[in-house]
Amino acid sequence: MSRGRPARLRREAAASPATPDVSAFAHDEPARRYTPGGARREAADGCFRRNSPPRTADRPLAPNGAGFGRSRGGLPYLPAKEAAQAELQVKARIRKLLVALREAFWLLPASMTIAGVLLAAALTRIDASASLPDWLRRSAWIYDGGGEGARTLLGAVSSSTISVAGTVFSITIAALSLAANQMGPRLLRNFTRDRGNQFTLGAFLGTFAYALTVLRTVRSAEGSEFVPHLALGVGLVLALICVGTLIYFVGHMAGRINVDTVIGLVSEDMCAAIEAAAVEAPQPEPPSASFWRDAVAIADSRRGYLQQLDERGLAKWAANHGVALRMLVRPGEYVFQGAPIALATREVEGAAAAIRKATALSSTRDESPQLEFAARQLVEVAIRALSPSINDPHTAVSVVDRLGGALCQLAPLRLRSGVSLREGEPVLVVPNIDYDGLVDAMFHEIRQNGARSPVVLARILDVLAVVASCERDAARLAALRRHADLVLAEAGRSIALPEDLDVVRRRHGAFEAMTQRGPTGYLEAMAS
7 MSRGRPARLR
17 REAAASPATP
27 DVSAFAHDEP
37 ARRYTPGGAR
47 REAADGCFRR
57 NSPPRTADRP
67 LAPNGAGFGR
77 SRGGLPYLPA
87 KEAAQAELQV
97 KARIRKLLVA
107 LREAFWLLPA
117 SMTIAGVLLA
127 AALTRIDASA
137 SLPDWLRRSA
147 WIYDGGGEGA
157 RTLLGAVSSS
167 TISVAGTVFS
177 ITIAALSLAA
187 NQMGPRLLRN
197 FTRDRGNQFT
207 LGAFLGTFAY
217 ALTVLRTVRS
227 AEGSEFVPHL
237 ALGVGLVLAL
247 ICVGTLIYFV
257 GHMAGRINVD
267 TVIGLVSEDM
277 CAAIEAAAVE
287 APQPEPPSAS
297 FWRDAVAIAD
307 SRRGYLQQLD
317 ERGLAKWAAN
327 HGVALRMLVR
337 PGEYVFQGAP
347 IALATREVEG
357 AAAAIRKATA
367 LSSTRDESPQ
377 LEFAARQLVE
387 VAIRALSPSI
397 NDPHTAVSVV
407 DRLGGALCQL
417 APLRLRSGVS
427 LREGEPVLVV
437 PNIDYDGLVD
447 AMFHEIRQNG
457 ARSPVVLARI
467 LDVLAVVASC
477 ERDAARLAAL
487 RRHADLVLAE
497 AGRSIALPED
507 LDVVRRRHGA
517 FEAMTQRGPT
527 GYLEAMAS
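Taking our numbering, the leading residue of the sequence shown gets 7, the next gets one more, and so forth.
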């Protein structure tokens, strides 16, 4: 092996030690710490951001694989922390991609268009390779004319389907514009992910692609005439299916833009979010504010919406290092560059790196199912209905009913507290929404915007009374009573007519009777 090497290189190799000096490959850049004011100073722990490493071609590869470097094949090596962070980012991107594909408006129409092309290619190949049986050729659905007639038929199918597809698309855009103006732009996803709209557009586009693909195979020249009888028969069936799809689409869109239908769909999302965010088992209480009195703030140099949080991995790291962490943001909230993202009960080396490893940020908010987001979608519908330009209190009443139904569903359950325990001690606290915050998100803005509507205020009190009849928790009843008192105070300040104010006061008295004596007391208070 060494016969061809120069003598000087052989002598240097023999004189070198068997164990290489690993310290020569260590990172020598000083770590820098972000302070809330934006200034940087060198530190050994706290919030770290590694300086940009030199090019991998200029840095040797550590024998143990640590540090940045380049393998013999030219592929870069990543340290364990950076590799874990990259893996979490990839998982977050894959999850976001799957959600986007599930709700994408174009996916089903594109798939049906491709299916139309493939179906046309398969049927024309069957027509070209074998003759049809007599019983199938005599069928009324099989075309038995010549090449010119086949071209005319396919041309009519293709031109009509693409024209109607444009009309369908225009109607869909008009419905989206109406929804954005009347009910808020955040509800557009309920229209774009609707399978009925996607299937209708896909049926026309798929039939158009099918007809064009079959049309190119028709030959009418003498001696080489080819008419795909089976493919033409299937094309006629597809055209009739498009007619039925158009009839379905008109009725579907008429019901889809109905505000009650939209409210029902959003409330289903909220019910699904409750099932995902609530459990039956009692949850550990988060530590009090005094527990974090001497905590150290950990800033983050990134910005974006918190897309994913590895609570289990971060809790394991905190337990191994004997420290408790409290996240200051939860999934779905925005992380500001240079602002604190978490608190630690004491300074510990690698805390910021562990948080970076356990979190993934995105430029857009992940709307899949979050309880607070679903509630705010319904609230936005009510607020727009109560605006002076629309002035539709009955829509707001429907929203209040749905919100009350969600609270009744939540009555036997407990929201996750976001506290992770190890041996009975808290090691990680994630600020999940609690019952008080959820009720505030549901009723504050509706009460404020409907302050001059006795119908809306009275309905809020009725719904609060029904929810109180389902609840047995004293803290939750106190939250409901607080909102009932706020409604009464808002009515006293905003409603001028004594008769309208008496209606609200009677409903408030019925709520109090419900909390004290149950449904019997409620009926007596309403009758008085």
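Every residue gets a Cβ at the ideal spot worked out from N, C-alpha and C, and that includes glycine.
Contact check, residue i vs residue j, beta carbons under 8 Å
| i | j | result |
| --- | --- | --- |
| Val406 | Gly424 | no |
| Arg458 | Ile501 | yes |
| Val509 | Glu451 | no |
| Arg421 | Tyr441 | A small fix is needed here, since residue 421 is Leu in this sequence, not Arg. Their beta carbons are under 8 Å apart, which means Leu421 touches Tyr441 by this criterion. |
| Ala383 | Leu193 | Inspection of the sequence shows that residue 383 is occupied by Gln rather than by Ala. Against a cut-off of 8 Å, the Cβ pair of Leu193 and Gln383 comes out as a contact. |
| Gly498 | Leu507 | yes |
| Asp275 | Ala380 | yes |
| Ala279 | Asp133 | no |
| Arg108 | Phe197 | no |
| Leu252 | Val170 | yes |
| Leu114 | Phe210 | no |
| Arg511 | Met532 | no |
| Arg488 | Ser273 | no |
| Glu378 | Leu444 | yes |
| Ala180 | Thr119 | no |
| Ala337 | Leu367 | Contrary to the premise, residue 337 reads as Pro rather than Ala in this sequence. No. Outside cutoff. |
| Glu286 | Leu419 | yes |
| Val354 | Gly410 | no |
| Ala471 | Phe517 | yes |
| Arg428 | Ala321 | yes |
Classification of residue i by the beta-carbon crowding that lies within 10 angstroms, buried from 16 upward
| i | result |
| --- | --- |
| Tyr340 | exposed |
| Arg523 | exposed |
| Asp479 | exposed |
| Glu505 | exposed |
| Ile361 | buried |
| Leu160 | buried |
| Gln454 | exposed |
| Gly270 | exposed |
| Ala485 | buried |
| Ala50 | Legend: pLDDT at Ala50 = 37, less than 50; position of this residue unreliable, value from coordinates given subsequently. Exposed, by the Cβ-count rule. |
| Asn57 | With a pLDDT of 41 at Asn57, under the threshold of 50, the predicted position of this residue should be treated as unreliable, though the coordinate-derived value follows. Flag for Asn57 reads exposed. |
Selected residue, minimal CA-CA separation from residue i, among the options
| i | options | result |
| --- | --- | --- |
| Pro525 | Val473, Val461, Gly239 | Val473 |
| Leu312 | Met333, Ser294, Glu281, Pro293 | Met333 |
| Gly344 | Ser393, Asn455, Gly310, Ala533 | Gly310 |
| Ala162 | Gly241, Ile269, Leu377 | Gly241 |
| Gln415 | Ala305, Leu494, Leu315, Ala283 | Ala283 |
| Ala156 | Pro234, Ser117, Ile439 | Pro234 |
| Gln289 | Ala412, Gly430, Thr370 | Gly430 |
| Met520 | Glu496, Ala495, Leu503, Ala490 | Ala490 |
| Ser426 | Pro293, Gly202, Glu378, Arg299 | Pro293 |
| Ile304 | Ala359, Ser135, Ser475, Arg222 | Ala359 |
| Gly212 | Thr167, Gln188, Met448 | Thr167 |
| Thr351 | Ala301, Lys363, Asn326 | Ala301 |
| Leu463 | Met259, Val493, Thr219, Ala481 | Val493 |
| Gly319 | Asp306, Ser145, Thr365 | Thr365 |
| Leu349 | Ala217, Ala295, Ala136, Ser393 | Ala295 |
| Ala412 | Cys277, Glu317, Ala495 | Cys277 |
6 Å Cβ shell around residue i - same chain, five flanking residues per side excluded
| i | result |
| --- | --- |
| Ala391 | Asp398, Thr401, Ala402 |
| Glu477 | Ala417, Leu483 |
| Ala245 | Val163 |
| Met448 | Ala381, Leu409 |
Alpha helix (DSSP H) segment containing residue i, residue limits
| i | result |
| --- | --- |
| Tyr441 | 441-455 |
| Ala282 | 265-283 |
| Ile501 | Segment: none, Ile501 is in no alpha helix (DSSP H) and carries neither H nor E. |
| Thr130 | 113-135 |
| Arg408 | 399-416 |
Endpoints, beta strand (DSSP E) assigned at residue i
| i | result |
| --- | --- |
| Glu291 | Counting along the chain, Glu291 falls outside any beta strand (DSSP E), and DSSP gives it neither H nor E. |
| Val425 | 425-428 |
| Glu431 | 431-435 |
| Gln314 | 310-315 |
| Val302 | 302-305 |
| Ser475 | Premise fails: Ser475 lies in the alpha helix (DSSP H), 460-476, not in any beta strand (DSSP E). |
Nonlocal neighbours in the same chain, by C-beta distance under 8 Å from residue i, ignoring five residues either side
| i | result |
| --- | --- |
| Gln335 | Contrary to the premise, residue 335 reads as Val rather than Gln in this sequence. Contacts found: Leu312, Val341, Ile347, Pro437. |
| Glu231 | Gly152, Gly153, Arg225 |
| Ser369 | Gly310, Tyr311 |
| Tyr254 | Gly202, Thr206 |
| Met189 | Val265, Val268, Glu386, Val387, Arg390 |
| Val220 | Ala126, Leu129, Thr130, Leu160, Pro234, Ala237, Leu238, Gly241 |
| Arg299 | none |
Close Cβ partners of residue i (< 7 Å) along its chain, the five nearest in sequence each way excluded
| i | result |
| --- | --- |
| Ala324 | Ala330, Leu331, Val433, Leu434 |
| Thr539 | Here the chain comprises residues numbered 7 to 534, so residue 539 is not present and cannot be evaluated. |
| Leu111 | Note on identity: in this sequence residue 111 is Phe, with Leu being the wrong assignment. Correct list, in chain order: Thr198, Gln204. |
| His327 | Val354 |
| Val243 | Trp147 |
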